[in-house]
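Okay, structure first, notes after.
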Amino acid sequence: MNLSTFVFERGNLVSIYGESGVGKTSLSLELALQIRTSVFISTEGSLFEARLEKIKVGQGVYFASVKSNIELFNGIINSLEYKPSLIVVDTINTFYRYERNVHSFLKLLIILRSIAQSNVKILLVWEVSANNKVAGEKFMRKFSDDVLRITKSYIIGNLRRCKFKITERGVIGCL
1 MNLSTFVFER GNLVSIYGES GVGKTSLSLE LALQIRTSVF ISTEGSLFEA RLEKIKVGQG
61 VYFASVKSNI ELFNGIINSL EYKPSLIVVD TINTFYRYER NVHSFLKLLI ILRSIAQSNV
121 KILLVWEVSA NNKVAGEKFM RKFSDDVLRI TKSYIIGNLR RCKFKITERG VIGCL
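In this text, residue positions in the sequence shown follow UniProt numbering: the first is 1, and each later residue adds one.
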């Protein structure tokens, strides 16, 4: 089974979370390459650009970097112009962690749920705090079709797991 089949086996709106450095962004970029046309929206600044230089992106993958909740909202809406098969938001809870604006965060999740219901795959990457908690975990579980935890070598969720490996050329899995 390939990564995209495993990740989206249980639905179109999938959330992934895990500790810093386990490969959430690498996995997300790999899925953006596998499922085209895709839009990758980063709230982490330009950190993902260094990874892009190592992999050949090609056509059908679009990138945006956003710096605020309103830019994220606009980025999601504007991404629909590309008629994507996949929208990735890395990381969805960045601004929520700082602002704790529940109303604004819920609007984002409702729009993403609505997009997923129109047969567009949505991958939401969630940050984990130092105490291994997900800010907005209740929202993550309520709005997601599936929630997967990422470790250094496994994607784990709902009594199933996929072993993966990160290489210079991308992510290989399920092994």
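For glycine and all other residues, C-beta sits at the position ideal for the given N, C-alpha and C.
Put simply, of Gly170, Asn12 and Glu127 the residue whose alpha carbon is nearest the alpha carbon of Pro84 is Asn12. Put simply, of Leu123, Leu109, Asn132 and Glu137 the residue whose alpha carbon is nearest the alpha carbon of Arg10 is Leu123. Residue nearest to Ile16 within the set Arg169, Phe139 and Ser79 is Phe139 (criterion: CA-CA distance).
Between Leu31 and Val61, the gap from beta carbon to beta carbon reaches 8 Å or more.
Leu27: member of the alpha helix (DSSP H) spanning Lys24 to Gln34, first to last residue. Secondary-structure assignment with DSSP links Ile150 through a beta bridge to Ile155. The stretch 64 to 82 and the stretch 21 to 28 do not touch, with fewer than 3 CB-CB distances between them shorter than 8 Å. The beta carbon of Arg141 sits closer than 7 Å to those of Val147, all from its chain and outside the five residues before and after it, given in chain order. Residue state for Ile41 is assigned as strand, using DSSP reduced to three classes. With a 10 Å radius around the Cβ and a threshold of 16 neighbouring Cβ atoms, Gly170 comes out buried.
Listed in chain order, the alpha helix (DSSP H) runs fully inside the stretch 58 to 128 are 69 to 79, 94 to 99 and 102 to 117, counting runs of at least 4 residues.
Annotated as proximal: Asn93 and Gly136, with beta-carbon spacing under 8 Å. Using a 10 angstroms sphere on the CB of Lys67, the tally of other CB atoms stays under 16, which defines it as exposed.
It is roughly 11 Å from the alpha-carbon of Asn132 to the alpha-carbon of Trp126. Contact check for Val88 against Ile156 fails: the beta carbons are separated by 8 Å or more.
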